[in-house]
Amino acid sequence: MTHLPEVLPAGFVSLSLPGGYYAEFEAHGPANTVQIVRDYIYGTWLPNARYERTDGPDFEITDVCNSRFPDAMCIKVYIPLRTPA
């Protein structure tokens, strides 16, 4: 866990993510590839997975060192999961 300064620079916000299990998906390619990956997650993967989506936000991490907007993005998409009851 990274400790943030007490006062963030203008335009920045802090969000605490709940602990737990997250599925990680990678999107490589044009910026719209993220939406294609999300369509796969919710349209194909999740309905057939051994897991259920749980409360909490989805989030993305962009590899800014290896991405070139808009044609060559490297993004990871995370969704919170739980095992079915």
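In the numbering used here, the protein residues as written are 1379 to 1463. No residue lacks a Cβ here, since even glycine has one placed at the ideal position from N, Cα and C.
Beta-carbon proximity list for residue i, same chain, < 6 Å, skipping 5 on both sides
i, result
"Gly1389", "none"
Residue i to residue j span [Cα, whole Å]
i, j, result
"Pro1458", "Tyr1399", "6 Å"
"Gly1434", "Val1455", "14 Å"
First and last residue of the uninterrupted alpha helix (DSSP H) at residue i
i, result
"Thr1411", "Thr1411 to Tyr1418"
Residue i, buried or exposed, once every other Cβ within 10 Å from all chains shown has been counted against 16
i, result
"Val1391", "exposed"
"Val1415", "buried"
"Ala1450", "exposed"
"Ala1405", "buried"
Residue i, enclosing beta strand (DSSP E) - first and last residue
i, result
"Gly1397", "Where Gly1397 is concerned, there is no enclosing beta strand (DSSP E), given that its DSSP letter is neither H nor E."
"Leu1459", "Met1451 to Arg1460"
"Phe1447", "Here Phe1447 belongs to no beta strand (DSSP E), and DSSP marks it neither H nor E."
Residues near residue i in its chain [Cβ-Cβ closer than 8 Å; skip 5 each side]
i, result
"Tyr1429", "Tyr1399, Ala1401, Leu1459, Arg1460, Thr1461 and Pro1462"
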